[in-house]
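For reference, the structure is listed below as structure tokens.
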Amino acid sequence: MLSSTNTIAPNVLRTPQLSSGGQLLLWSMRQWVASIRQGRCAGCDLRAPYNDLDCIRAISELHEMMCVLSRSARRAIDIYQPAELVISRDERTLLQIVATACPYSLRYSTRRAMEGLLHGDGRELLEAARQYREDIERVGLNVEGWGELRVVH
Numbered sequence: 134m135l136s137s138t139n140t141i142a143p144n145v146l147r148t149p150q151l152s153s154g155g156q157l158l159l160w161s162m163r164q165w166v167a168s169i170r171q172g173r174c175a176g177c178d179l180r181a182p183y184n185d186l187d188c189i190r191a192i193s194e195l196h197e198m199m200c201v202l203s204r205s206a207r208r209a210i211d212i213y214q215p216a217e218l219v220i221s222r223d224e225r226t227l228l229q230i231v232a233t234a235c236p237y238s239l240r241y242s243t244r245r246a247m248e249g250l251l252h253g254d255g256r257e258l259l260e261a262a263r264q265y266r267e268d269i270e271r272v273g274l275n276v277e278g279w280g281e282l283r284v285v286h
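Mapping of the sequence shown onto this note's numbering: residues 134 to 286, in sequence order.
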């Protein structure tokens, strides 16, 4: 149920406002969808940047997040093409989930947004998101502030 579109909604966030960790995650989610749609191995297509960062394990966590979204989504999730310079509302929500993923203390607004995306309680997504965040933080990529992203008009 992941969709990949070229249309740009009027309320989007521009990617230069993201940290390098945020940009890596955003590109990775988009590349994962593009690879799957083209019948290619998503993990193989994501390997180079994560290998360069010595953070290859994060690919499996990203893959788990995307698989949970694919099988548990309430509706099509709007994921833009990898080269887009703006962020969809759904992508912003996913960035917020990774930023605030903690099984016991998830922000109410993020939990509500997640409820709009997924069937069930989202524990699988939260656990994979938390592990992904920990993996990239271990190599010095910053995820702070992702939970405070604002949409620009």
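Where is the CB? At the ideal position from N, CA and C, for every residue including glycine.
Cutoff 7 Å; reference residue i; Cβ partners in own chain excluding five residues on either side
{"i": "A262", "result": "M198, I230, V231, A234"}
{"i": "D268", "result": "C188, R190, A191, E194"}
{"i": "Q264", "result": "E194"}
{"i": "L151", "result": "L159"}
Outcome for residue i when other beta-carbon atoms lying within 10 angstroms are tallied against a minimum of 16
{"i": "G154", "result": "buried"}
{"i": "G255", "result": "buried"}
{"i": "L157", "result": "buried"}
{"i": "D223", "result": "buried"}
{"i": "R225", "result": "buried"}
{"i": "R266", "result": "buried"}
Whole-angstrom C-beta distance between residue j and residue i, which should lie under 8 Å
{"i": "G253", "j": "S205", "result": "6 Å"}
{"i": "W160", "j": "A175", "result": "At roughly 12 Å, the Cβ-Cβ gap does not stay under 8 Å, so W160 and A175 are not in contact."}
Contact set for residue i: own chain, Cβ-Cβ below 6 Å, skip 5 residues either direction
{"i": "L251", "result": "S205"}
{"i": "G280", "result": "Note that G280 has pLDDT 46, beneath the 50 cutoff, so the model's placement of it is unreliable and no number is given."}
Beta-carbon gap between residue i and residue j smaller than 8 Å
{"i": "I210", "j": "L202", "result": "yes"}
{"i": "Y213", "j": "R163", "result": "yes"}
{"i": "P215", "j": "A181", "result": "no"}
{"i": "L179", "j": "V272", "result": "no"}
Nearest neighbour of residue i, chosen from the options [CA to CA]
{"i": "C200", "options": "L274, S152, L259, N184", "result": "L259"}
{"i": "H196", "options": "S152, N275, L274, E257", "result": "E257"}
{"i": "R207", "options": "S152, M247, L151, E270", "result": "M247"}
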